[in-house]
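In terms of my numbering, the sequence shown is residues 106 to 217.
Below: one structure, written as structure tokens.
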Amino acid sequence: VWEDDKGVQHVNICWRVQQNSALGPYKGGLRFDPSVTLDTLRFLALEQVFKNALTGKSIGGGKGGTDFNPKGKSENEIRRFCEAFMLGLHRVIGPDIDVPAGDIGVGGEVLG
106 VWEDDKGVQH VNICWRVQQN SALGPYKGGL RFDPSVTLDT LRFLALEQVF
156 KNALTGKSIG GGKGGTDFNP KGKSENEIRR FCEAFMLGLH RVIGPDIDVP
206 AGDIGVGGEV LG
């Protein structure tokens, strides 16, 4: 649950798909887009496994996302959403477990 600038509380659906960690920690982007679905993230996580394996680095594959749309939101609203998202995600991420990266709607300012 996050609060917009008008004090209204919102609930968004969020996922993190950890597809395969045989080569190392899960690694893959976070996507903020209203069209995100669990099925899409499952496919993208599998695709990420193959992409990461081809790099020769010791990393697995994962993907995450939410139906939150950052377009038209203030910096404070995006920050409050990200804090709520990470509050739920923090138990399953870390340098030796799962390393999220940017994707659609998620740049350095969000990951920073």
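Ideal Cβ positions, reconstructed from N, Cα and C, are used throughout, including at glycine.
ask   = Cβ atoms of Gly170 and Val141: under 8 Å apart, would you say?
value = yes
query = At which residue ranges does the stretch 156-212 contain complete beta strand (DSSP E) runs of 3 or more residues, listed in the order of the chain?
reply = 166-171 and 203-206
inquiry  = I'd like to confirm something about Val211: is its beta-carbon nearer than 7 Å to some heavy atom of the ligand MN, or not?
reply    = The ligand MN is absent from the structure shown, which contains no ligands of any kind.
Nearest-angstrom Cα separation, counted from Phe148 out to Gln123 = 11 Å
Leu128 in three-state terms, based on DSSP = coil
ask   = What is the C-beta distance between Pro130 and Gly165, in whole angstroms, given that I count them as a contact (C-beta under 8 Å)?
value = 6 Å
query = Where does Val154 fall in DSSP's three states?
reply = helix
request  = Rank Trp120, Ala127, Lys156 and Ser126 by C-alpha distance to the C-alpha of Leu135 and give the top, closest one.
outcome  = Trp120
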